[in-house]
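Taking it in order: structure first as structure tokens, then the write-up.
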Amino acid sequence: MINIQSLCKSYGKHKVLYNINLIFKKGEVNGIVGENGAGKSTLFKCMAGLESFEGSIAYTGNILKNVTGYLPTELFFFSKMTGYEYLQLLCNARDIKEKNLYTSNIFDLPLNEYAENYSTGMKKKLALTGLLIQKNEVFILDEPFNGVDIHSNIIIQEIILKLKELKKIVVMSSHIFSTLNQSCDHLHYLKDGTIKSSVIKGEFELIENEMKGSSIGNKLVELMD
């Protein structure tokens, strides 16, 4: 279980996250939604150990950052590194002895080509493959469906459901409510750096309607009325 208590994050005088309190349990998928700039990626970076913060993040088990697979929205690959070498690097980082990385190539990627030349969707699939090979306990997926084709979208959905079955902790963000409905057990609405509401599966429409209520469409109506 991950227990986030009173988490706050600032960049200088600019406060990004305010008093975040969340609990993520094994075998559950939690979705974080919010407009761009709400603080979703910053929260994920704090959980992944990439940002300092105030408050606490407690994890039952190992050191959280050592068992967490983080898929960011902006991916980076070293120049002149093949897809195969990238996967090998991630294995080495966790001291994992993977005998044949080609059998782990579930997306049928061209592993002998340079990863920097992959398309956006291919890069995302390569990074996700690496996280799976690492056998992480926690998966933080920031917009995992962005930039991938329909077939890959279906595979990623299947992966998330399998991770849930394996009692992993999955925290993800998405702007596509249909994917959240299919994958998530809980949904949390992050707005202006705070959790405005949290609901269970079957109540996601409440947050969707809440987000629509503050959408640009309503602001345009007020402007033109």
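With positions in the sequence shown counted from 1, the corresponding number in my numbering is that position plus 1.
Beta carbons are placed, not taken as given, at the ideal position from N, Cα and C, and that holds for glycine.
### Message
Classify glycine 203: buried if its beta carbon has 16 or more other beta carbons within 10 angstroms, exposed otherwise.
### Response
So glycine 203 counts as exposed.
### Cβ-based neighbour list, glycine 194, same chain, cut-off 6 angstroms, excluding 5 preceding and 5 following
Residues Val17, Leu18, Tyr19 and Gly40 of the same chain have their beta carbon placed closer than 6 angstroms to that of glycine 194, with the five preceding and five following residues left out of the count.
### Query
How big is the Cα-Cα spacing for proline 73 and glycine 148?
Cα to Cα, proline 73 sits roughly 13 angstroms from glycine 148.
#### Entry: In DSSP terms, what glutamine 6 is bridged to
According to DSSP, which records beta bridges pairwise, glutamine 6 is partnered with Ser57.
### Query
Roughly how many angstroms separate the alpha carbons of asparagine 113 and glutamate 99, rounded to a whole number?
Asparagine 113 and glutamate 99 have their C-alpha atoms some 17 angstroms from each other.
#### Entry: C-alpha gap between glutamine 89 and glutamate 211, whole angstroms
The alpha-carbon separation between glutamine 89 and glutamate 211 amounts to approximately 44 angstroms.
### Message
I'd like the span of the alpha helix (DSSP H) that includes isoleucine 48, first residue to last.
### Response
First, the amino acid is wrong: residue 48 is methionine here, not isoleucine. Its alpha helix (DSSP H) spans residues 41-48.
### Message
With three or more C-beta pairs closer than 8 angstroms as the rule, is the region 163-177 touching the region 109-123?
### Response
They do not touch, by the three-pair rule.
### Query
Can the beta-carbon of glycine 70 be found less than 7 angstroms from the beta-carbon of alanine 116?
Cβ atoms of glycine 70 and alanine 116: not closer than 7 angstroms.
### Message
Distance check for tyrosine 190 and threonine 61, CA to CA, integer angstroms please.
### Response
About 25 angstroms.
### Query
So lysine 169 packs on lysine 27, CB below 8 angstroms; how close in whole Å?
With a beta-carbon spacing of about 7 angstroms, lysine 169 and lysine 27 fall inside the 8 angstroms limit used to define contacts.
### Task
Can you grab the Cα-Cα spacing for the pair glutamine 6 / asparagine 182, in whole Å?
Distance between the alpha carbons of glutamine 6 and asparagine 182: 26 angstroms.
### Query
Helix or strand or just coil, what does DSSP make of threonine 239?
Shown here, the chain extends from 2 to 226; a query on residue 239 therefore has no answer.
### Closest by C-alpha distance to aspartate 96, when choosing among Gly32, Ala59, Asn4 and Gln135
It is Gln135 whose Cα lies nearest to the Cα of aspartate 96.
### Task
Between the Cα of alanine 94 and those of Phe77, Asn67 and Phe79, spot the shortest distance and give me the residue it belongs to.
Considering only Phe77, Asn67 and Phe79, the residue with the shortest C-alpha distance to alanine 94 is Asn67.
### Query
If you draw a straight line from the C-alpha of phenylalanine 78 to the C-alpha of lysine 124, how long is it?
Distance between the alpha carbons of phenylalanine 78 and lysine 124 is about 9 angstroms.
### Query
Considering only the beta carbon of each residue, do leucine 8 and glycine 56 sit closer than 7 angstroms?
Going by C-beta atoms, leucine 8 is nearer than 7 angstroms to glycine 56.
#### Entry: Euclidean distance between Cα positions of isoleucine 33 and leucine 188
In a straight line, the C-alpha of isoleucine 33 is about 6 angstroms away from that of leucine 188.
### Task
Report all residues from its chain with a CB closer than 6 angstroms to the CB of asparagine 4; omit the five preceding and five following residues, and keep chain order.
Counting only Cβ-Cβ distances below 6 angstroms, and skipping sequence neighbours, we find Ile24 and Ala59.
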